[in-house]
Amino acid sequence: MQKEIILNVEDLRASVEGKEILQGINFKVAAGEVHAIMGPNGSGKSTFASVLAGNPKYDHISGKAEYMGKDILDMSIEDRAREGLFLGFQYPVEIPGVSMSNFMRLAVNEQRKYRGEEPLTAAQFLKLMRERAAVVELDAKLMNRAVNSGFSGGEKKRNEIFQMAMLQPKLALLDETDSGLDIDALRIVATGVNNLRSEENGIVLITHYQRLLDYIVPDYVHVLYKGRIIYSGDKELSLKLEKEGYDWLIKEYESK
Amino acid sequence: MAAELKSGEMVVSQGDKVVRSYLMNEPCDVSVVVEQGAQCVYHILCGGELQSDVKFVLKKDSCLKLILVDVARGTSQVNVNIELADSGARFEFNGLYIVGRGERKDVVLDVKHLVADCYSSELMKGIAAEDGVGRFHGRIYVAQDAQRTEAYQQSRNLLLNNSARIFTEPQLEIYADDVKCSHGAVVGQIEDEAVYYMRQRGIDEKAARNLLTEGFASEIVWQIEDEQYAEQVHDAIEERLSEI
Ligand SMILES: Nc1ncnc2c1ncn2[C@@H]1O[C@H](COP(=O)(O)OP(=O)(O)O)[C@@H](O)[C@H]1O
Ligand SMILES: [Mg+2]
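So the sequences go chain by chain: A and B. Per the numbering used here, residue 252 is the first one in the first sequence, and the count goes up by one each step. Per the numbering used here, residue 829 is the first one in the second sequence, and the count goes up by one each step.
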């Protein structure tokens, strides 16, 4: 049986502030797959994730992005999310005055409403929240604090994974969730991601480091450079990149 | 239940500890003496079009925490007058107003440090929507003899759209030389990044903006020391925000 295609991106071009950043991306994620996107700083990885999530700062120029067979570029940010697309932010945003628990309860219930499900009761929600916070070893006390306000760097990253665990997305795009984490935190984040991993879901890890991929073994590894995917391979590619850097790939690409 | 605030004079007796919660539904002229060593919390929730004067005199080592919330429909002005009249007195202020279409709200806070060794801190928050106009005038007066005064003022404001206006006017009159004093004012808008973040979690734009605005206001509600009353204030804020 053919695997369900979750994400299908063809020749996607997009700009920010009039500057073309994505210069024709082709990318496909089928159910059950984990993809890693690597590449030097400034190559457009976050831009790619932002365009898929619908960040209004980025403008679509041409090409398509289909999610579960639908054109997502036409959908509102919130509907993309409610359809199960999750972005773990490279820089999670602080939201003063809004508690984590209020924020997540609204998010979970909006998603349920969209699917025609009853909202969770306060007790059900609390139980779910405690369970999922435990998975990423996030102190339950943080749930009474304002979203990301005064969280440490590591807490912010684990909080992204916690939210992912709450929302159980169909497709998770994790933008450098591993950056700045020590080995312990990395292991916790990896546990959260591996818990989500299933035959039904797709996961895209944007990362700089091979080390995350020791914990979450990807099916495919891609290199994004100057707004294009210039090379794709398997886990071996990330090991080679770790040893040799990107230069050999970039030289090969630019000599073409 | 919160009581109606009426014009007249009140006293918080020496050494007393009280928490008083009021609804100010009509104009009034109130004057309160906080006697030596008394510690009190006054909550005032405004309920309509009015112009009112509220005055507190703080005696030796007394402490007043005042929370003033004006999120009612209509135009109003509240003048708050504080006299730190004897040493060791402490005053803490938390204020919030919301002003909407065709309305104007003024809060005039006058804090007088008349003697040495007193402390005051003020946080005023304003939210303006539509073509609403808000104004906070905060005077801090420190008399020549009021050495070792500490006086702090913060004014933080949120404009919900481009035609709303907020004026924030600090006025510092300091005649003593040994004082710690600071003031700051910010007038800003809701952060696009925060709205985007919330929408990425499935919350629609309007709900996200409301939650952020409520969050901005909630910092004041958290200061309320009467749970039932805090609930009432919270509901009043929520109701008002749903209209604007
Ligand atoms: N909001 C923005 N405003 C201006 N330029 C941007 C913005 N976001 C990204 N860029 C530019 O787009 C390019 C790609 O950035 P980004 O997608 O963040 O790369 P990566 O995530 O691979 O490090 C960079 O040149 C960056 O300066
Ligand atoms: Mg990036």
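Where is the CB? At the ideal position from N, CA and C, for every residue including glycine.
Quick one: residues in its chain with C-beta nearer than 6 Å to the C-beta of A:Ile-425, no 5 flanking neighbours on either side, listed in chain order? For clarity, residue 425 of chain A is Leu in the given sequence; the question names Ile instead. Excluding residues within five positions, the ones whose Cβ falls inside 6 Å are Gly-339 and Leu-456.
Residues around ligand 2, please: the condition is that the C-beta lies closer than 7 Å to some non-hydrogen atom of it. A:Lys-296, A:Ser-297, A:Gln-341, A:Asp-426, A:Glu-427 and A:Ile-457
Grab me the residues of A:Lys-270's own chain with a C-beta within less than 8 Å of its C-beta, minus the 5 sequence neighbours each way, in chain order. none
C-beta neighbour in chain B for A:Pro-469, strict 8 Å: no
Using 8 Å as the limit for Cβ to Cβ distance, is A:Glu-268 near chain B? no
For the region 938-947 of chain B against the region 911-923 of chain B, do three or more pairs of beta-carbon atoms, one drawn from each stretch, fall closer than 8 Å, so that the two count as touching? yes
What alpha helix (DSSP H) runs, 4 residues minimum, are completely inside the region 876-959 of chain B? none
Positions along the region 1015-1032 of chain B whose CB lies within less than 8 Å of some CB in chain A: Glu-1019, Asp-1020, Glu-1021, Ala-1022, Tyr-1024, Tyr-1025, Met-1026, Arg-1027, Gln-1028, Arg-1029, Gly-1030, Ile-1031 and Asp-1032
Relative to the C-alpha of B:Ala-867, which candidate in B:Gly-836, B:Val-943, B:Lys-883 and B:Asp-844 has its C-alpha closest? Reading off the sequence, residue 867 of chain B comes out as Gln, not Ala. Among B:Gly-836, B:Val-943, B:Lys-883 and B:Asp-844, the Cα nearest to that of B:Gln-867 is on B:Asp-844.
Here's the rule: buried if 16 or more other CB atoms are within 10 angstroms of the residue's CB, otherwise exposed. What is B:Lys-933? buried
Using a Cβ-Cβ cut-off of 8 Å, state whether A:Ile-346 counts as contacting chain B. yes
For the alpha helix (DSSP H) that A:Thr-372 lies in, which residues bound it at each end? Careful: A:Thr-372 lies outside any alpha helix (DSSP H) and carries neither H nor E.
Could you list which residues in chain B have their beta carbon closer than 8 Å to that of A:Glu-406, in chain order? Going along chain B, no residue has its Cβ under 8 Å from A:Glu-406, so there is no contact; the nearest lies around 16 Å.
At what residues does the beta strand (DSSP E) containing B:Arg-984 begin and finish? 977-987
According to a CB-to-CB cut-off of less than 7 Å, which residues of the region 913-935 of chain B neighbour chain A? none
Starting from A:Gln-414, trace the beta strand (DSSP E) in both directions and tell me its first and last residue. Element bounds for A:Gln-414: not the beta strand (DSSP E) but the alpha helix (DSSP H), 404-418.
Run the proximity test for A:Ile-272: is its beta-carbon closer than 7 Å to any non-hydrogen atom belonging to ligand 1? yes
Whose Cβ in chain A lies nearer than 7 Å to the Cβ of B:Ser-841? Correct list: empty, because the minimum Cβ distance to chain A is about 37 Å.
Applying the criterion that 16 or more other CB atoms from any shown protein chain within 10 Å of the CB defines a buried residue, is B:Met-829 buried or exposed? exposed
A:Ile-434 (DSSP reduced to helix, strand or coil): helix
Contact set between B:Ser-1046 and chain A, taken where Cβ atoms lie within less than 7 Å: Gly-348
A:Leu-422, enclosing beta strand (DSSP E) - first and last residue: 422-426
Could you tell me whether any Cβ in chain A is nearer than 8 Å to the Cβ of B:Arg-1035? First, the amino acid is wrong: residue 1035 of chain B is Ala here, not Arg. Judged by the 8 Å Cβ criterion, B:Ala-1035 is in contact with chain A.
Beta-ladder partner(s) of B:Val-846, from DSSP: B:Cys-868
At 8 Å on the CB atoms, spell out the chain A contacts of B:Gly-1043, in chain order. Ile-346, Pro-347, Gly-348, Val-349 and Ala-397
Under the assumption that B:Val-885 contacts B:Leu-896 (Cβ atoms under 8 Å), give the Cβ distance between them as a whole number of angstroms. B:Val-885 to B:Leu-896, Cβ: 17 Å. No contact.
Taking Cβ positions, are B:Tyr-1003 and B:Ala-971 nearer each other than 8 Å? yes
Reduced DSSP secondary structure (H/G/I, E/B, other) of A:Ser-313: strand
Using the beta-carbon of each residue, which ones in chain A are nearer than 9 Å to B:Leu-1040? Ile-346, Pro-347, Gly-348 and Val-349
Check the Cβ-Cβ distances between A:Asn-292 and every residue of chain B, and say whether any is below 8 Å. no
Rounded C-alpha distance that separates A:Lys-491 from A:Ile-439: 25 Å
DSSP three-state assignment for A:Val-359, whether helix, strand or coil: helix
Restricting to Cα atoms, I'd like to know which of B:Pro-855, B:Val-943, B:Gly-960 and B:Glu-1055 is closest to B:Glu-832. B:Pro-855
Which listed residue (A:Val-344, A:Gln-274, A:Leu-303 and A:Tyr-471) has its alpha carbon closest to that of A:Asp-485: A:Tyr-471
Confirm, please, whether the CB-CB distance from B:Tyr-1025 to B:Glu-1001 is below 8 Å. no
Decide if the region 947-956 of chain B is in contact with the region 971-991 of chain B; the criterion is three or more beta carbon pairs, one per stretch, under 8 Å apart. yes
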